[in-house]
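Working notes for the structure below.
Protein chains in written order, with my numbering: chain A, 1037 to 1327; chain B, -7 to 210.
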């Protein structure tokens, strides 16, 4: 199986898992501890969630109200919510030592105003955010992050969790060690992705004056372009290879010299309006025309 | 006295001048002893960094200061007196996870600076291959020391998280080894060095996060 197929399957698998989770959510059995809190807010709230393990889902509505529904089975953890003005904090406290992993689980469903700033920190599980517009930070160890149609400055940091960002708008920064990162139809003029061993997949438009920097150590970087895109490309793999389908002209902007010892592809596609920098230590870089 | 109370006392006092109840807690609590040991290592490292002849450029400190201010770890009035020699002073008042991140960032900044200076030197014909700069070796050693303590202090609440942290630490260590090899083979390659320092940065970030995990279960 090719790496491309593997990536496509991972993305498809993640989407299927997401769909499955959404489908199953209403049928989930009632948990031993359930809280539901309603907070009226004025303007753009800042919602902060800190969890150890579990499923966090954030959706938006048009009401100036934040609703937090928390579920946990164990009495060894406690869900704490607090409002201070427009700031709402949701925290899972660990009450006892020597917990089983299942005891840590706390699941949250939040409904927030469309314009909400989010700060999410969780170790493992899954984070899903849909149609929320505001700056967001995500900090996870092994939790996967799925963002759909969100807008703002998106800063995502995972250790091993994967990131799938679908139709995300705004500045996107992703940093991971072994997580795969997929950016599907982003609307962004500033994308910066770095992962060590994870794959990076970018399928979207390169905007005028945009800067797109994708970097890993190993793994695959795959970028899709269309004939109408316009970008300056620098793709360098120190010990891996670069497979390029874009017919590049020499860079009219005087692009930097790249050593011939590396596998590289650099030059200009159409007018070179955007800047695309792809870099890998030992991985493969693929620049493919969109079908 | 509880661990979090001890940490509050420690933020106000040097470890050598602790009140009796805090000293008693320190005697009984291995985790807090490890914290104090960490602080001593950090302060020693900070003193060494401050004593380096090649002082980092003002811009480096300014950018670090800006980051710390943005994260609310230092206040503006403290920042006016910012200078490398003050590093030890503010290190002693930072909370532990912030301290870890700042400490590791400092080590990295120093190593990058010195590494960059090494790069800018003309190559010596008499030396066919260049060993990694001494600063990098020192950084490696410091990170390894922090790593040993951090890994042993990790909470085991969630084996999946602990396993993920360890696995990713192995990944980063592997990349550091590969990058060091690449730098040795091509000492003039700026890209190889860039990757090496990038890998160190990732390790520093990862260890800071692991320290945070270790401190999280008070």
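C-beta atoms are modelled at their ideal positions from N, C-alpha and C, and glycine is treated no differently.
Beta-carbon contacts of residue i that lie in its chain and below 6 angstroms, excluding the five residues immediately before and after
i               : result
residue 1186(A) : 1165, 1168, 1204
residue 1285(A) : 1303, 1304
residue 1251(A) : 1230, 1315
residue 1176(A) : 1158, 1194, 1197
residue 1096(A) : 1148, 1150, 1167, 1168
residue 1180(A) : 1162, 1197, 1198
residue 1173(A) : 1155, 1191
residue 1210(A) : 1192, 1199, 1217, 1229
residue 152(B)  : none
residue 1088(A) : 1128, 1140, 1159
residue 1126(A) : 1085, 1104, 1117
For residue j and residue i, believed in contact at Cβ under 8 angstroms, the rounded distance
i               : j               : result
residue 1156(A) : residue 1123(A) : Not quite, the Cβ-Cβ distance comes to about 14 angstroms (not below 8 angstroms), so this is no contact.
residue 150(B)  : residue 1160(A) : 6 angstroms
residue 198(B)  : residue 160(B)  : 6 angstroms
residue 1145(A) : residue 1093(A) : 5 angstroms
residue 1267(A) : residue 1319(A) : Not quite, the Cβ-Cβ distance comes to about 20 angstroms (not below 8 angstroms), so this is no contact.
N- and C-terminal bounds of the beta strand (DSSP E) containing residue i
i               : result
residue 1326(A) : Careful: residue 1326(A) lies outside any beta strand (DSSP E) and carries neither H nor E.
residue 1316(A) : 1310 to 1316
residue 1119(A) : 1113 to 1120
residue 1095(A) : 1082 to 1097
residue 1182(A) : 1180 to 1184
residue 1144(A) : 1142 to 1149
residue 1264(A) : Element bounds for residue 1264(A): n/a, residue is neither H nor E.
residue 1108(A) : 1101 to 1108
residue 1070(A) : 1069 to 1076
residue 1236(A) : 1236 to 1239
residue 1200(A) : 1199 to 1202
residue 1301(A) : 1299 to 1305
Reduced DSSP secondary structure (H/G/I, E/B, other) of residue i
i               : result
residue 193(B)  : helix
residue 1171(A) : coil
residue 203(B)  : helix
residue 4(B)    : helix
residue 26(B)   : helix
residue 1209(A) : strand
residue 1280(A) : strand
residue -2(B)   : helix
residue 1125(A) : strand
residue 136(B)  : helix
residue 1218(A) : strand
residue 1274(A) : coil
residue 1152(A) : coil
residue 1187(A) : strand
residue 1228(A) : strand
residue 1250(A) : strand
residue 1131(A) : coil
residue 1244(A) : coil
residue 1163(A) : strand
residue 143(B)  : helix
Reference residue i; option with closest CA among the options
i               : options                            : result
residue 1073(A) : 1140(A), 1307(A), 1148(A)          : 1148(A)
residue 1300(A) : 1306(A), 1192(A), 1280(A)          : 1280(A)
residue 158(B)  : 1214(A), 1208(A), 1107(A), 1130(A) : 1214(A)
residue 135(B)  : 156(B), 176(B), 153(B), 200(B)     : 200(B)
residue 1206(A) : 1307(A), 1325(A), 1254(A), 1223(A) : 1223(A)
residue 1311(A) : 1273(A), 1245(A), 1079(A)          : 1245(A)
residue 181(B)  : 1274(A), 1119(A), 1093(A), 1075(A) : 1274(A)
residue 137(B)  : 11(B), 20(B), 32(B)                : 32(B)
residue 145(B)  : 23(B), 171(B), 156(B), 174(B)      : 23(B)
residue 195(B)  : 173(B), 5(B), 14(B), 140(B)        : 140(B)
residue 1283(A) : 1272(A), 1128(A), 1306(A)          : 1306(A)
residue 1071(A) : 1117(A), 1088(A), 1089(A), 1094(A) : 1117(A)
residue 154(B)  : 1271(A), 1098(A), 1178(A)          : 1178(A)
residue 1324(A) : 1317(A), 1269(A), 1153(A)          : 1269(A)
residue 1141(A) : 1153(A), 1125(A), 1115(A)          : 1115(A)
residue 1240(A) : 1327(A), 1107(A), 1100(A)          : 1327(A)
residue 1090(A) : 1262(A), 1108(A), 1235(A)          : 1108(A)
residue 1208(A) : 1220(A), 1226(A), 1120(A)          : 1226(A)
Delimiting residues of the alpha helix (DSSP H) encompassing residue i
i              : result
residue 154(B) : 151 to 177
residue 20(B)  : 12 to 20
Beta-carbon contacts of residue i that lie in its chain and below 7 angstroms, excluding the five residues immediately before and after
i               : result
residue 1135(A) : 1112
residue -7(B)   : 13, 14, 17
residue 1079(A) : 1122
residue 169(B)  : none
residue 1188(A) : 1169, 1170, 1171, 1172, 1206
residue 25(B)   : 18
Proximal residues to residue i (C-beta, below 8 angstroms), its chain only, five neighbours per side dropped
i               : result
residue 1233(A) : 1213, 1214, 1252, 1253, 1254, 1255
residue 164(B)  : 191, 194, 195, 198
residue 11(B)   : 1, 5
residue 1068(A) : 1108, 1109, 1110, 1111
Name the residues in the region 138 to 161 of chain B whose C-beta lies less than 8 angstroms from a C-beta of chain C; which are they? The structure shown contains no chain C; its protein chains are A and B.
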